[in-house]
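Report on the structure given below.
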Amino acid sequence: MSMYRFLPCRFPQVCALLACAAFFLHAAAADGADATLEATIVALDAKAFDAFNHCAEAGRLQEHASYFAPDVEFYHDQGGVTWNRDAMLANTQQHVCGKFRREIVAGSQRVYPIRDFGAIEQGAHRFCQFDTGSCDGLADFTIIWKQSPAGWQMTRVLSYGHRANK
């Protein structure tokens, strides 16, 4: 039997097999890219909020500020909206520095790519008092990260669903 006789009758199956292989190779590459993106965003979050947690120390509030775009919008279900980095930092300095620290709820962080822009980070965090060590507050968060040639910055931050940490 000639190979040329075999191909016409098997052509649809061969095409389907090649399409499936291409799909799974693309999915595997996307999973690898998503894992790299997730590691990047999780590391940036940890650095930004390490500075937040120590913002009463000299220079740390400005370090925290560097992770936010100048026109960042911060939406807080209890505190309202701030429309820029300067206002957000003034609130942080007044209400947070030396009083609270933020902790990520283990296993809660999720990162999703935004094509040609950056990423969405979602998760849950709790806030613990420095003076008592108690972690009374729990909330959900969403952060929009923008990637530019200069690096990554947060452009929109939502902190919502504040509740008691049971």
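So the sequence shown is numbered by my numbering: it starts at 927 and just counts up by one. In this text, a Cβ means the ideal position worked out from N, Cα and C, and glycines have one as well. Bear in mind that the values here come from a model prediction, so they are computed numbers and not experimental data.
- Separation of residue 1012 and residue 1065 (C-alpha to C-alpha, rounded to the nearest whole angstrom) is 23 angstroms.
- For residue 1066, the enclosing beta strand (DSSP E) starts and ends at 1063-1074.
- About 6 angstroms separates the Cβ atoms of residue 1035 and residue 968, confirming a contact at the 8 angstroms cut-off.
- Burial check for residue 1079: the Cβ neighbour count within 10 Å reaches 16 or more, so the residue is buried.
- Note that the C-beta distance between residue 1053 and residue 1063 is below 8 angstroms.
- In the DSSP annotation of this structure, residue 1021 is not part of any beta strand (DSSP E); the continuous alpha helix (DSSP H) holding it starts and ends at 1011-1021.
- By the 16-neighbour rule on beta-carbons within 10 angstroms, residue 1047 is buried.
- Taking 8 angstroms as the cut-off, the Cβ atoms of residue 1083 and residue 1022 do not count as close.
- Per DSSP, reduced to three states, the secondary structure at residue 1081 is strand.
- Collapsing the DSSP output to three states places residue 1000 in a strand.
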